[in-house]
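In the numbering used here, the protein residues as written are 77 to 685. Virtual Cβ for every residue (Gly too), placed ideally from N, Cα, C.
Written as structure tokens, this is what we have:
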């Protein structure tokens with residue numbers, strides 16, 4: 077018994093080290109993948125050492141202010157050079173850096189000047205050449221900025237209200253996902269079928285009589301053109317017909333699995349209602365990612381500023397800051413460190429959400445005390461090593477893609493078309509592998525948060541569950557992801573529509589599209605943050621559902637799923653290839669919460685919520 081998770085088969089696993097009756101609360105966790113956490117710490121320490129070397133031999137003002145051909149930094153006093161040609165070391169009054177290329181010379185001269193000459197614009201302590209007709213563009217741009225600033229003073233309150241509306245629309249979308257997701261899903265599917273049928277019918281009509289839809293001139297010089305067009309339309313019509321039949325058959329065959337997607341959406345809505353603090357998780361993640369981005373930019377400037385002052389050629393009196401091998405290696409080290417840190421932070425978010433949702437799912441009562449904080453504690457106390465390993469694998473693939481892109485650029489100005497083609501194919505393969513790896517690590521994190529597995533053991537368990545329920549996974553990742561995408565679009569469209577109606581009623585706004593565009597971008601960002609959490613909750617509930625079905629039978633070992641989800645399994649068992657699903661007991665049958673009578677035991681564990 078207990079095969080109540082769709083796909084090919086879900087049954088008890090004798091190899092499960094925790095047995096059947098163990099719940100998340102009872103698991104005695106221990107630190108996992110501590111070796112990789114140690115390697116992560118050592119990696120960061122080594123990086124700080126290399127960074128310190130670059131800082132020791134660098135100066136931020138070399139990048140911010142620029143330096144001339146003698147190596148003197150613009151806008152400040154410099155040590156006097158031994159080269160007699162470079163006698164003027166005090167550049168305090170010359171704070172602008174300019175690159176000049178005199179006529180009949182092949183090199184570019186770097187100079188420090190007090191003011192930018194005619195034909196140049198000032199930008200971050202530099203003189204940038206002004207292109208032709210740039211003066212008109214500058215005046216137009218300056219006028220545009222002035223008008224936008226004036227507009228903002230008029231509509232800033234309304235803009236803040238639009239941001240709040242976007243926030244409220246995102247919350248409303250989560251509520252709709254719980255209450256009417258079934259209607260949304262089936263409207264989308266029916267719309268797809270009707271669109272396929274309509275497109276196919278149009279292609280057949282186009283083949284039968286193209287003159288009704290296309291204005292064609294007589295083909296005097298190409299008499300066979302009409303025949304070729306007719307053949308083309310016929311081929312397209314046949315292909316469209318085949319695809320339409322396939323889409324309809326897939327929807328018909330997958331209809332019960334689509335109902336499972338709907339139930340998972342409803343369960344995810346209940347999880348958010350029980351743990352609303354989960355919606356704050358993306359905010360903390362965004363702050364952490366912003367901090368990493370700022371540090372990466374700061375460290376990059378330091379690394380770029382490092383180097384040894386050397387004369388380019390003997391007696392040329394031209395000096396440049398040349399990087400040694402350690403400095404060049406630190407540049408790549410910094411990139412990989414940023415990739416690893418970003419994936420590490422995202423992995424921590426996944427682990428916290430997965431742990432909290434799994435704890436909520438497997439608790440005897442669905443009212444959980446501080447599950448998010450307990451999940452955070454479990455992460456920091458036991459599972460940072462697993463996140464370090466998973467994030468390392470993703471960062472490694474991303475870094476390989478960057479290296480291939482760098483190598484590919486070296487062939488742009490050469491006759492290396494074959495090499496470019498090979499590298500492009502390798503990049504495509506790595507991109508596909510990266511997408512698979514992200515999917516694999518997300519599910520591995522869920523198993524780690526659920527049972528305290530190591531990363532590899534959790535990945536193996538997740539892969540087994542996914543392989544056993546591949547059709548359900550396909551339904552979730554196709555229908556579910558498309559519905560979530562439509563949710564983002566709906567939030568943006570609603571915010572923009574309200575903004576247009578609102579801004580048009582305000583007098584004095586010269587560029588109405590500016591606040592509407594900004595509000596739309598903000599709406600998409602907020603909706604993406606909320607729906608990302610919702611997506612992770614769905615994935616976690618699905619794996620919890622599979623684990624629940626595998627380890628329990630509903631008779632001697634009570635299910636942890638909600639009664640609504642169990643009723644769905646009871647009604648859809650045959651369609652989902654579920655065997656031996658016990659019958660739900662009626663209220664008259666349930667005399668005692670622990671009575672077993674050919675029905676599912678709920679007791680207090682599965683009290684409806």
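Beta-carbon contacts of residue i that lie in its chain and below 8 angstroms, excluding the five residues immediately before and after
| i | result |
| --- | --- |
| residue 507 | 477 |
| residue 202 | 142, 172, 173, 174 |
| residue 457 | 105, 107 |
| residue 324 | 269, 272 |
| residue 641 | 339, 343, 621 |
| residue 127 | 375, 378, 379, 406, 410 |
| residue 579 | 231, 234, 585, 588, 591, 592 |
| residue 510 | 470, 473, 474, 477 |
| residue 139 | 377, 380, 381 |
Collapsed DSSP secondary structure at residue i in the structure displayed
| i | result |
| --- | --- |
| residue 176 | strand |
| residue 153 | strand |
| residue 143 | strand |
| residue 387 | strand |
| residue 205 | strand |
| residue 628 | coil |
| residue 540 | helix |
| residue 197 | strand |
| residue 24 | The chain is shown from 77 up to 685; residue 24 falls before or after that span and cannot be answered. |
| residue 588 | coil |
| residue 134 | coil |
| residue 581 | coil |
| residue 467 | helix |
| residue 275 | helix |
| residue 705 | Residue 705 falls outside the range modelled here, since the chain spans only 77 to 685, and no answer is possible. |
| residue 159 | coil |
| residue 107 | coil |
| residue 456 | helix |
| residue 634 | coil |
| residue 477 | helix |
| residue 439 | coil |
| residue 535 | helix |
| residue 545 | coil |
| residue 528 | coil |
| residue 183 | coil |
| residue 446 | coil |
| residue 608 | helix |
| residue 486 | coil |
Cross-strand partners of residue i (DSSP beta bridge)
| i | result |
| --- | --- |
| residue 514 | Its beta-bridge partners do not exist; DSSP assigns none. |
| residue 189 | 172 |
| residue 493 | Answer is none; residue 493 lacks a bridge partner. |
| residue 166 | 153 |
beta-carbon residue i near the ligand FAD non-hydrogen atom, thresh 8 angstroms
| i | result |
| --- | --- |
| residue 161 | The model depicted lacks the ligand FAD and carries no ligand whatsoever. |
Cβ neighbours of residue i in the same chain (closer than 6 angstroms, five flanking residues each side left out)
| i | result |
| --- | --- |
| residue 292 | For residue 292, the pLDDT reaches just 47, beneath the cut-off of 50, and the residue's location in the model is therefore unreliable, leaving the point undetermined. |
| residue 614 | 340, 344 |
| residue 465 | 109, 112, 531 |
| residue 528 | 103, 105 |
| residue 482 | none |
CB contact check: residue i to chain B, cutoff 9 angstroms
| i | result |
| --- | --- |
| residue 310 | Structure shown: chain B not included; a single protein chain is present. |
Residues near residue i in its chain [Cβ-Cβ closer than 7 angstroms; skip 5 each side]
| i | result |
| --- | --- |
| residue 708 | Beyond the ends of the chain as shown, which are 77 and 685, falls residue 708; an answer cannot be given. |
| residue 382 | 130, 133, 134, 399, 403 |
| residue 415 | 471, 474, 475 |
| residue 624 | 635, 636, 637 |
| residue 275 | 316 |
| residue 258 | 338 |
| residue 187 | 144, 174, 176 |
(request) Could you say if the segment 567-578 and the segment 594-601 meet the contact criterion of at least three C-beta pairs nearer than 8 angstroms? (result) Contact between the segment 567-578 and the segment 594-601 is present: three or more C-beta pairs spanning the two stretches fall below 8 angstroms.
(message) My parser needs the beta strand (DSSP E) runs of 3 or more residues fully inside the segment 373-424; what are they?
(response) With a minimum length of 3 residues, the continuous beta strand (DSSP E) runs that stay inside the segment 373-424 are 384-387, 395-398.
(request) Mind the definition here: the segment 341-348 touches the segment 360-375 only if three or more C-beta pairs lie below 8 angstroms; say whether that holds. (result) In this structure the segment 341-348 does not lie against the segment 360-375, because fewer than three pairs of beta carbons, one per stretch, are closer than 8 angstroms.
(message) Three Cβ pairs or more, each shorter than 8 angstroms: is that satisfied between the segment 224-243 and the segment 325-342?
(response) Verdict: no, contact absent.
(message) Going residue by residue through the segment 310-374, where are the continuous alpha helix (DSSP H) segments of at least 4 residues, counting only ones entirely within it?
(response) Listed in chain order, they are 331-350.
(request) State whether the segment 245-264 contacts the segment 314-324, with contact taken as three or more CB pairs (one from each stretch) at a distance under 8 angstroms. (result) Put simply, the segment 245-264 does not touch the segment 314-324. Fewer than three CB pairs are less than 8 angstroms apart.
(message) If contact is defined by three or more beta carbon pairs under 8 angstroms, each pair taking one atom from either stretch, is the segment 549-565 in contact with the segment 494-502?
(response) Contact fails between the segment 494-502 and the segment 549-565, because fewer than three Cβ pairs, one in each stretch, are under 8 angstroms apart.
(request) Inspect the CB distances between the segment 505-522 and the segment 425-432 and report whether three or more fall short of 8 angstroms. (result) Yes: at least three Cβ pairs fall under 8 angstroms.
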